[in-house]
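First the structure, in the form of C-alpha coordinates, and then the observations on it.
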Amino acid sequence: MLGVLFAITPGQERSLLAAGDGGASDAVDGLIEEIEESWAEDGLTVDTDKAWDAIHRCLTDGTLEPDGGEYPFSHAVLGGRRLHEEYVVVYLTVDEARDVAAALQSVDRRELRQRFDAIDDPDYRGALDDADFDYTWDNFVEVRAFYQRAAAAGRSVVFTAI
145 MLGVLFAITP GQERSLLAAG DGGASDAVDG LIEEIEESWA EDGLTVDTDK AWDAIHRCLT
205 DGTLEPDGGE YPFSHAVLGG RRLHEEYVVV YLTVDEARDV AAALQSVDRR ELRQRFDAID
265 DPDYRGALDD ADFDYTWDNF VEVRAFYQRA AAAGRSVVFT AI
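Remember, the numbering used here sits 144 above the position in the sequence shown when you count from 1.
Here is the structure:
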(Lines of atoms letter the chains of each structure in order from A and count residues from 1; the text may use other names and numbers.)
(Lines give C-alpha, C1' and ligand atoms only; values in the text may rest on other atoms or scores of the structure.)
Protein backbone atom coordinates (compact mmCIF):
# COMPACT_ATOMS: atom_id res chain seq x y z
CA MET A 1 0.00 0.00 0.00
CA LEU A 2 1.22 3.47 -0.88
CA GLY A 3 0.92 6.18 1.76
CA VAL A 4 0.25 9.88 1.37
CA LEU A 5 -0.05 12.68 3.93
CA PHE A 6 -2.29 15.67 3.18
CA ALA A 7 -2.54 18.94 5.08
CA ILE A 8 -6.21 19.62 4.46
CA THR A 9 -8.20 22.84 4.37
CA PRO A 10 -10.81 23.59 7.04
CA GLY A 11 -13.56 22.91 4.49
CA GLN A 12 -12.08 19.53 3.59
CA GLU A 13 -11.71 18.78 7.29
CA ARG A 14 -15.39 19.50 8.01
CA SER A 15 -16.54 17.37 5.08
CA LEU A 16 -14.30 14.44 6.00
CA LEU A 17 -15.31 14.49 9.64
CA ALA A 18 -19.00 14.61 8.73
CA ALA A 19 -18.60 11.69 6.33
CA GLY A 20 -16.44 9.71 8.77
CA ASP A 21 -18.87 10.21 11.66
CA GLY A 22 -21.67 8.76 9.62
CA GLY A 23 -19.64 5.68 8.75
CA ALA A 24 -20.15 6.44 5.06
CA SER A 25 -17.07 4.87 3.49
CA ASP A 26 -18.28 5.81 0.01
CA ALA A 27 -18.52 9.46 1.03
CA VAL A 28 -15.02 9.34 2.54
CA ASP A 29 -13.74 7.67 -0.66
CA GLY A 30 -15.15 10.50 -2.75
CA LEU A 31 -13.69 13.19 -0.52
CA ILE A 32 -10.25 11.56 -0.51
CA GLU A 33 -10.40 11.36 -4.29
CA GLU A 34 -11.22 15.09 -4.45
CA ILE A 35 -8.33 15.88 -2.09
CA GLU A 36 -5.95 13.78 -4.20
CA GLU A 37 -7.11 15.50 -7.39
CA SER A 38 -6.55 18.94 -5.85
CA TRP A 39 -3.02 17.94 -4.85
CA ALA A 40 -0.81 20.91 -5.61
CA GLU A 41 2.92 21.36 -5.48
CA ASP A 42 2.50 23.60 -2.45
CA GLY A 43 4.37 21.40 0.02
CA LEU A 44 1.18 20.57 1.89
CA THR A 45 1.25 16.94 0.84
CA VAL A 46 3.90 14.25 0.79
CA ASP A 47 3.96 10.84 -0.86
CA THR A 48 5.70 8.31 1.39
CA ASP A 49 5.47 5.46 -1.10
CA LYS A 50 5.82 2.29 1.03
CA ALA A 51 8.19 3.85 3.58
CA TRP A 52 5.28 4.79 5.86
CA ASP A 53 5.38 1.23 7.24
CA ALA A 54 8.99 1.46 8.46
CA ILE A 55 8.56 5.08 9.57
CA HIS A 56 5.61 4.16 11.79
CA ARG A 57 7.47 1.17 13.22
CA CYS A 58 10.56 3.31 13.92
CA LEU A 59 8.54 5.96 15.71
CA THR A 60 6.49 3.56 17.81
CA ASP A 61 6.93 0.13 19.38
CA GLY A 62 8.06 -1.58 16.16
CA THR A 63 4.57 -2.71 15.15
CA LEU A 64 1.84 -1.30 12.94
CA GLU A 65 -0.48 -0.76 15.90
CA PRO A 66 -2.01 2.71 15.52
CA ASP A 67 -1.53 3.47 19.21
CA GLY A 68 1.75 1.62 19.63
CA GLY A 69 4.45 3.62 21.32
CA GLU A 70 4.09 7.08 22.77
CA TYR A 71 2.14 10.11 21.63
CA PRO A 72 2.87 12.18 19.55
CA PHE A 73 5.25 9.82 17.68
CA SER A 74 2.44 7.27 17.37
CA HIS A 75 0.39 9.83 15.44
CA ALA A 76 2.93 10.67 12.73
CA VAL A 77 1.55 7.97 10.43
CA LEU A 78 -1.14 5.57 11.69
CA GLY A 79 -2.25 7.04 15.01
CA GLY A 80 -5.25 9.33 15.12
CA ARG A 81 -8.91 9.07 14.26
CA ARG A 82 -9.80 6.38 11.72
CA LEU A 83 -12.30 7.58 9.12
CA HIS A 84 -12.67 4.49 6.95
CA GLU A 85 -13.58 0.88 7.65
CA GLU A 86 -11.82 -0.85 4.75
CA TYR A 87 -8.54 0.96 4.29
CA VAL A 88 -6.36 3.45 6.09
CA VAL A 89 -7.67 7.00 6.32
CA VAL A 90 -6.42 8.61 9.53
CA TYR A 91 -7.19 12.15 10.68
CA LEU A 92 -5.15 14.42 12.99
CA THR A 93 -6.39 17.68 14.42
CA VAL A 94 -4.38 20.86 13.96
CA ASP A 95 -3.08 20.55 17.54
CA GLU A 96 -2.07 16.91 17.01
CA ALA A 97 -0.27 17.84 13.78
CA ARG A 98 1.61 20.56 15.66
CA ASP A 99 2.57 18.09 18.40
CA VAL A 100 3.87 15.63 15.79
CA ALA A 101 5.81 18.40 14.01
CA ALA A 102 7.53 19.39 17.25
CA ALA A 103 8.34 15.80 18.22
CA LEU A 104 9.79 14.82 14.84
CA GLN A 105 12.30 17.68 15.01
CA SER A 106 14.15 15.77 17.73
CA VAL A 107 14.68 12.62 15.63
CA ASP A 108 18.02 12.55 13.86
CA ARG A 109 19.51 9.97 11.50
CA ARG A 110 21.34 8.12 14.26
CA GLU A 111 18.23 7.76 16.41
CA LEU A 112 16.07 6.66 13.49
CA ARG A 113 18.73 4.08 12.54
CA GLN A 114 18.72 2.69 16.08
CA ARG A 115 14.95 2.39 15.99
CA PHE A 116 15.08 0.88 12.48
CA ASP A 117 17.65 -1.72 13.55
CA ALA A 118 15.37 -2.67 16.46
CA ILE A 119 12.45 -3.65 14.17
CA ASP A 120 11.85 -7.30 14.96
CA ASP A 121 8.43 -8.01 13.49
CA PRO A 122 8.11 -10.96 11.09
CA ASP A 123 5.27 -9.08 9.36
CA TYR A 124 7.65 -6.32 8.22
CA ARG A 125 8.22 -6.86 4.51
CA GLY A 126 11.22 -4.59 4.03
CA ALA A 127 14.79 -5.85 3.71
CA LEU A 128 16.03 -4.22 6.95
CA ASP A 129 19.34 -3.50 5.24
CA ASP A 130 21.25 -0.28 4.51
CA ALA A 131 19.32 0.44 1.32
CA ASP A 132 16.00 -0.05 3.14
CA PHE A 133 17.14 2.31 5.90
CA ASP A 134 18.28 4.96 3.40
CA TYR A 135 14.86 4.74 1.70
CA THR A 136 13.15 5.06 5.10
CA TRP A 137 15.38 7.97 6.17
CA ASP A 138 14.84 9.91 2.94
CA ASN A 139 11.08 9.55 3.27
CA PHE A 140 11.19 10.38 6.99
CA VAL A 141 12.99 13.64 6.21
CA GLU A 142 10.17 14.51 3.79
CA VAL A 143 7.51 13.59 6.38
CA ARG A 144 9.24 15.70 9.04
CA ALA A 145 9.40 18.71 6.69
CA PHE A 146 5.76 18.17 5.69
CA TYR A 147 4.61 18.32 9.32
CA GLN A 148 6.54 21.56 9.80
CA ARG A 149 4.74 23.09 6.81
CA ALA A 150 1.35 21.75 7.93
CA ALA A 151 1.85 23.14 11.44
CA ALA A 152 2.96 26.51 10.08
CA ALA A 153 -0.14 26.63 7.88
CA GLY A 154 -2.41 25.68 10.79
CA ARG A 155 -3.76 22.63 8.94
CA SER A 156 -5.10 19.32 10.13
CA VAL A 157 -3.60 16.24 8.50
CA VAL A 158 -4.95 13.11 6.83
CA PHE A 159 -2.84 10.03 6.13
CA THR A 160 -4.08 7.55 3.53
CA ALA A 161 -2.69 4.17 2.58
CA ILE A 162 -4.55 2.58 -0.27
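Ideal placement from N, C-alpha and C gives every residue a C-beta, glycine not left out.
Notebook entry, point to check: Relative to the C-alpha of F284, which residue among S182, G298, A295, A245 is closest?
Noted result: A245
Notebook entry, point to check: Given a threshold of 16 other Cβ atoms within 10 Å of its Cβ, counted over all protein chains shown, does Q249 qualify as buried or as exposed?
Noted result: exposed
Next item on the list: Taking the CB atoms as reference points, tell me whether G147 and T304 lie closer together than 9 Å.
Entry: yes
Note to self: Going by the DSSP bridge assignment, what does G298 pair with across the sheet?
What the structure shows: Per DSSP, none; premise fails for G298.
Checklist line | Alpha-carbon to alpha-carbon, A195 and A295 | finding: 22 Å
Margin query: Looking at E286: is its Cβ nearer than 9 Å to the Cβ of V190?
Written below: yes
Item checked: Meets three-Cβ-pair contact criterion under 8 Å: the region 157 to 165 and the region 224 to 232 -> yes
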